[in-house]
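Undergrad: First, the structure itself, so that you have it in front of you.
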Amino acid sequence: MGNRTPLYTSHLDLGGKMVDFGGWDMPLHYGSQLQEHQAVRADCGMFDVSHMRVVDIAGPGAEAYLRHLLANDVARAAPGKALYSAMLNESGGIVDDLIVYVLAEGDYRLVVNCATGASDIAWMRGHSPGFAVEITPRPELAIVAIQGPGALARVQQVVCDAARAAVAAMPVFGCAQVGRWTLARTGYTGEDGVEIILPGDQCPDLWQRLLAVDVPPVGLGARDTLRLEAGLNLYGNEMDATVSPLEANLGWTLAWDPPERDFIGRAALEEQRRRGVGHKLVGLVTRERAVLRAHQVVRLPGLAATGEITSGTFSPTLGMPIAMARVPVAAASEAVVEIRGRDIPVQIVKPCFVRHGQGLPGLAG
Amino acid sequence: MSEVPKELRYLESHEWVRNEGDGTATIGITDHAQDSLGDVVYVELPEVGAVLAAGEESAVVESVKAASDIFAPVSGEVIAINEQLEDEPETVNNSPYGDGWFYRVKMSDPSELEDLLDADGYREVAADE
Numbered sequence: 011m012g013n014r015t016p017l018y019t020s021h022l023d024l025g026g027k028m029v030d031f032g033g034w035d036m037p038l039h040y041g042s043q044l045q046e047h048q049a050v051r052a053d054c055g056m057f058d059v060s061h062m063r064v065v066d067i068a069g070p071g072a073e074a075y076l077r078h079l080l081a082n083d084v085a086r087a088a089p090g091k092a093l094y095s096a097m098l099n100e101s102g103g104i105v106d107d108l109i110v111y112v113l114a115e116g117d118y119r120l121v122v123n124c125a126t127g128a129s130d131i132a133w134m135r136g137h138s139p140g141f142a143v144e145i146t147p148r149p150e151l152a153i154v155a156i157q158g159p160g161a162l163a164r165v166q167q168v169v170c171d172a173a174r175a176a177v178a179a180m181p182v183f184g185c186a187q188v189g190r191w192t193l194a195r196t197g198y199t200g201e202d203g204v205e206i207i208l209p210g211d212q213c214p215d216l217w218q219r220l221l222a223v224d225v226p227p228v229g230l231g232a233r234d235t236l237r238l239e240a241g242l243n244l245y246g247n248e249m250d251a252t253v254s255p256l257e258a259n260l261g262w263t264l265a266w267d268p269p270e271r272d273f274i275g276r277a278a279l280e281e282q283r284r285r286g287v288g289h290k291l292v293g294l295v296t297r298e299r300a301v302l303r304a305h306q307v308v309r310l311p312g313l314a315a316t317g318e319i320t321s322g323t324f325s326p327t328l329g330m331p332i333a334m335a336r337v338p339v340a341a342a343s344e345a346v347v348e349i350r351g352r353d354i355p356v357q358i359v360k361p362c363f364v365r366h367g368q369g370l371p372g373l374a375g
Numbered sequence: 005m006s007e008v009p010k011e012l013r014y015l016e017s018h019e020w021v022r023n024e025g026d027g028t029a030t031i032g033i034t035d036h037a038q039d040s041l042g043d044v045v046y047v048e049l050p051e052v053g054a055v056l057a058a059g060e061e062s063a064v065v066e067s068v069k070a071a072s073d074i075f076a077p078v079s080g081e082v083i084a085i086n087e088q089l090e091d092e093p094e095t096v097n098n099s100p101y102g103d104g105w106f107y108r109v110k111m112s113d114p115s116e117l118e119d120l121l122d123a124d125g126y127r128e129v130a131a132d133e
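Residue numbers (my numbering), protein chains in the order written: chain B, 11 to 375; chain H, 5 to 133.
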């Protein structure tokens with residue numbers, strides 16, 4: 011028996027097919043992963059993501075601490091905004107990717123990945139001496155993500171007046187603290203939506219209210235196909251502690267200015283930027299009838315060096331297989347993936363396949 | 005508990021076969037198999053006219069989760085394939101014993117059916133997984 015979120019019995023009641031996910035019993039789907047995916051693109055769906063770890067960072071030295079800890083710069087995000095960042099080691103490798111919700115001055119709420127949660131907290135504590143900061147893990151908090159074009163409207167139907175007003179006024183990547191709830195206009199699907207961090211004992215009631223306004227539950231299987239279509243990285247696949255953000259399509263999350271901001275890994279990254287890195291993260295699509303999957307080898311015409319698929323799936327929105335792959339920088343527009351003894355031709359594209367619920371032009375099958 | 009029709013015969017590898025009574029047999033995958041696989045996205049069927057030997061790989065079913073080989077339960081020549089599965093692979097999930105059939109053969113040795121698992125035998129296999 012793994013860890014269980016406050017919604018465990020509800021998942022069983024809803025027909026959830028439970029699987030182990032990083033030591034947690036989580037729903038893979040509730041009947042059809044494909045249908046759940048399509049529901050989010052067409053209207054909305056909700057995810058129990060309470061397995062992710064919440065860590066509060068507070069104190070007079072909190073901003074300075076996070077400006078040292080993270081590759082992106084929290085000074086760029088005023089209270090009421092969220093920031094996506096990588097957390098690097100001294101070699102410039104990625105310890106984890108995370109979101110910082112800037113709740114107030116000196117008051118930050120971080121959400122980090124489940125599998126890396128414990129090691130992240132140890133890492134953060136290890137780098138805190140010398141800063142006036144308190145690091146407080148919040149294991150008693152649950153997280154529900156409501157995503158899709160209809161998500162904001164549904165959330166506003168079920169929350170209290172103050173939360174409804176906050177959501178109505180919230181810009182994309184905005185956040186607000188309402189009582190003991192954090193609401194944010196963030197997500198992992200490429201759709202509009204809200205994520206709500208709240209006390210675990212209040213979570214089942216919120217979930218039931220959302221069910222009552224016809225928000226379908228969506229499992230982790232569809233969460234993965236949605237994020238891959240949206241070109242969003244998954245820690246453990248597209249990156250890990252040996253991978254630089256410059257090789258994981260995360261260059262845009264690095265705040266180089268001001269040059270005096272000495273974040274962990276800066277020196278190593280500057281050296282990489284100077285010398286150039288050997289790989290890039292790209293997207294793959296194919297019209298062949300074979301699903302692209304992680305670890306399949308990617309061969310490039312004219313190159314001896316090969317690449318490797320980091321994540322792959324069948325895209326429900328495009329109706330064809332898609333993948334992200336780490337390939338040599340010299341890779342151009344075509345490649346071949348070996349699948350079960352066959353050479354499958356693939357096209358190399360930007361690693362984002364769907365926007366605003368539609369396949370990007372040139373990709374639709 | 006998954007459905008296991010009494011009148012069919014089964015392989016441990018989760019294929020079912022229906023004796024049509026006229027020398028032909030229809031083949032598909034069980035309810036347990038489609039549930040384990042998850043949403044089916046591609047089915048690769050044999051060619052009509054192909055001659056299969058019992059136990060040989062005869063088809064491939066690919067889901068979001070994995071690709072799985074489908075083994076021929078009986079020997080014979082393929083006389084029909086379910087073309088609906090090309091555009092509607094989800095039929096395998098929705099109707100594994102009905103509209104989700106894979107292919108039909110003219111059996112070269114109908115006695116091979118007797119070596120296969122009956123419904124009770126297969127139910128035990130599926131329960132152990």
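Virtual Cβ for every residue (Gly too), placed ideally from N, Cα, C.
Looking at C-alpha atoms only, which residue of Y46(H), E61(H), K110(H), V82(H) is the closest neighbour of D190(H)?
TA: Beyond the ends of chain H as shown, which are 5 and 133, falls residue 190(H); an answer cannot be given.
Undergrad: Counting only Cβ-Cβ distances shorter than 7 Å, please list the residues of the segment 317–333 of chain B near chain H, keeping chain order.
TA: Cβ contacts with chain H come from T323, F324.
Undergrad: So which residues of chain H does Q43(B) contact, with C-beta pairs closer than 8 Å?
TA: If you number the first sequence from 1, residue 43(B) lands on position 33. Near Q43(B) (Cβ distances below 8 Å), the residues of chain H are G42, D43, V68.
Undergrad: Return no unless some Cβ of chain H is closer than 8 Å to the Cβ of G231(B).
TA: Here residue 231(B) refers to the residue found at position 221 of the first sequence. Answer yes: the Cβ-Cβ gap between G231(B) and chain H drops below 8 Å somewhere.
Undergrad: Any idea which residues DSSP pairs W34(B) with across the strands?
TA: Against the first sequence, residue 34(B) aligns to sequence position 24. DSSP lists N13(B), F31(B) as partners of W34(B).
Undergrad: Taking all protein chains shown into account, do 16 or more other C-beta atoms lie within 10 angstroms of the C-beta of H61(B), making it buried, or fewer, making it exposed?
TA: Taking the first residue of the first sequence as position 1, residue 61(B) is located at position 51. With 16 or more Cβ atoms within 10 Å of its Cβ, H61(B) is classed as buried.
Undergrad: Anything in chain B within Cβ reach of Y107(H), meaning under 7 Å, just list it in chain order.
TA: Within the second sequence, numbered from 1, the residue matching residue 107(H) stands at position 103. Per Cβ cutoff of 7 Å: no residues; Y107(H) is ~17 Å from chain B at best.
Undergrad: May I ask which residues mark the beginning and end of the alpha helix (DSSP H) holding I274(B)?
TA: Locating residue 274(B) in the first sequence gives position 264, where the first residue counts as 1. Note, I274(B): premise wrong, no alpha helix (DSSP H); not H, not E.
Undergrad: Assign E205(B) to one of three DSSP states: helix, strand, or coil.
TA: Here residue 205(B) refers to the residue found at position 195 of the first sequence. If DSSP states are grouped into helix, strand and coil, E205(B) belongs with the strands.
Undergrad: Using the C-alpha atoms, what's the distance from K91(B) back to V110(B)?
TA: Looking up residue 110(B) in the first sequence gives position 100. Looking up residue 91(B) in the first sequence gives position 81. Those two C-alpha atoms are separated by around 9 Å.
Undergrad: List the residues of chain B whose Cβ lies closer than 7 Å to the Cβ of V14(H), in chain order.
TA: In the second sequence, counting from the first residue as 1, residue 14(H) sits at position 10. It is worth fixing the name first, because residue 14(H) is Tyr in this sequence and not Val. Simply none; closest approach about 23 Å.
Undergrad: Is the beta carbon of G372(B) closer than 8 Å to that of L328(B)?
TA: Within the first sequence, residue 328(B) is the residue found at index 318, counting from 1. Within the first sequence, residue 372(B) is the residue found at index 362, counting from 1. Contact flag unset, no.
Undergrad: For A173(B), which of helix, strand or coil comes out of DSSP?
TA: Looking up residue 173(B) in the first sequence gives position 163. Helix, per DSSP.
Undergrad: Going along chain B in order, which residues have a C-beta closer than 9 Å to the C-beta of A71(H)?
TA: Position 67 of the second sequence, counting from 1, holds the residue named residue 71(H). Going along chain B in sequence order, the residues near A71(H) (Cβ under 9 Å) are A300, V301, R303, I349, R350.
Undergrad: What's the gap between the Cα of D30(B) and the Cα of L38(B)?
TA: In the first sequence, counting from the first residue as 1, residue 30(B) sits at position 20. In the first sequence, counting from the first residue as 1, residue 38(B) sits at position 28. Cα-Cα distance, rounded: 9 Å.
Undergrad: For Y18(B), I'd like the list of residues in its chain whose CB is within less than 7 Å of its CB, leaving aside the five on either flank, ordered along the chain.
TA: As a working note, residue 18(B) is residue 8 in the first sequence. Only D35 meet the Cβ criterion.
Undergrad: According to the Cβ coordinates, are L89(H) and L49(H) closer than 8 Å?
TA: Within the second sequence, residue 89(H) is the residue found at index 85, counting from 1. Within the second sequence, residue 49(H) is the residue found at index 45, counting from 1. Contact: yes.
Undergrad: For T30(H), report the span of its beta strand (DSSP E) as first-last.
TA: For the purposes of this step, residue 30(H) is taken as the residue at position 26 of the second sequence. First-last of the beta strand (DSSP E) with T30(H): 28–33.
Undergrad: Rounding to the nearest angstrom, what Cα-Cα distance links T235(B) and G322(B) in this structure?
TA: In the first sequence, residue 235(B) corresponds to position 225, counting from 1. In the first sequence, residue 322(B) corresponds to position 312, counting from 1. Cα-Cα distance, rounded: 9 Å.
Undergrad: Pick out the complete alpha helix (DSSP H) segments inside the segment 20–90 of chain H, 4 residues or longer, and give them in chain order.
TA: Runs found: 35–41.
Undergrad: Using 8 Å as the cut-off, can you tell me whether the segment 329–349 of chain B makes contact with the segment 281–292 of chain B, which would need three or more C-beta pairs spanning the two stretches below that distance?
TA: Yes: the two stretches touch, three or more of their Cβ pairs being nearer than 8 Å.
Undergrad: Going by CA-CA distance only, name the one from S138(B), N99(B), R86(B) that's closest to P70(B).
TA: Within the first sequence, residue 70(B) is the residue found at index 60, counting from 1. For P70(B), the nearest C-alpha among the options comes from S138(B).
Undergrad: Please report the distance separating the alpha-carbon of I349(B) from that of L193(B).
TA: Indexing the first sequence from 1 puts residue 349(B) at position 339. Indexing the first sequence from 1 puts residue 193(B) at position 183. Spanning the two alpha carbons is a distance of roughly 43 Å.
Undergrad: Considering only C-alpha positions, which residue in the set E16(H), D119(H), P9(H), L41(H) is nearest to S79(H)?
TA: Against the second sequence, residue 79(H) aligns to sequence position 75. If we check each option's Cα against that of S79(H), D119(H) comes out closest.
Undergrad: Could you check what DSSP says for P89(B) in three-state terms: helix, strand or coil?
TA: On the first sequence, residue 89(B) is found 79 positions in, with the first residue counted as 1. In this structure, P89(B) counts as coil in the three-state DSSP scheme.
Undergrad: Which two residues bound the contiguous alpha helix (DSSP H) that contains S20(B)?
TA: Residue mapping note: residue 20(B) aligns to position 10 of the first sequence, counting from 1. 18–23 is the extent of the alpha helix (DSSP H) around S20(B).
Undergrad: Whole angstroms is fine: what's the gap from P16(B)'s alpha carbon to L208(B)'s?
TA: Your numbering for residue 16(B) matches position 6 in the first sequence. Your numbering for residue 208(B) matches position 198 in the first sequence. Taking the straight line joining both Cα atoms gives about 11 Å.
Undergrad: Tell me the DSSP bridge mates of Y107(H)?
TA: Locating residue 107(H) in the second sequence gives position 103, counting from the first residue. Per DSSP, I31(H), I85(H).
Undergrad: Over the uninterrupted alpha helix (DSSP H) stretch that includes G210(B), give me the two end residues.
TA: Counted from its first residue, the first sequence places residue 210(B) at position 200. Taken as a continuous stretch (DSSP letters only), G210(B) belongs to no alpha helix (DSSP H), as it is neither H nor E.
Undergrad: DSSP state of Y118(B), grouped into three classes?
TA: Residue 118(B) sits at position 108 when you count from the first residue of the first sequence. In this structure, Y118(B) counts as strand in the three-state DSSP scheme.
Undergrad: Any idea if V165(B) is buried or exposed, counting beta-carbon neighbours within 10 angstroms, 16 or more meaning buried?
TA: Along the first sequence, one-based indexing puts residue 165(B) at 155. V165(B) should be labelled buried.
Undergrad: For W20(H), collect the residues of the same chain with a Cβ closer than 6 Å to its Cβ; drop the 5 residues on either side in sequence, then sort them by chain order.
TA: The residue given as residue 20(H) occupies position 16 in the second sequence. L12, Y14, G32, T34.
Undergrad: Would you verify that the beta carbon of Y101(H) is, or is not, closer than 8 Å to some beta carbon of chain B?
TA: Sequence index remark: in the second sequence, residue 101(H) carries index 97 (1-based). By this cut-off, Y101(H) is not an interface position.
Undergrad: Tell me the rounded alpha-carbon separation between P214(B) and L80(B).
TA: As a working mapping, residue 214(B) is identified with position 204 in the first sequence. As a working mapping, residue 80(B) is identified with position 70 in the first sequence. Spanning the two alpha carbons is a distance of roughly 33 Å.
Undergrad: Counting along the chain, where does the alpha helix (DSSP H) carrying M62(B) start and finish?
TA: For this step, residue 62(B) is matched to residue 52 along the first sequence. Unbroken run through M62(B): none, as it is neither H nor E.
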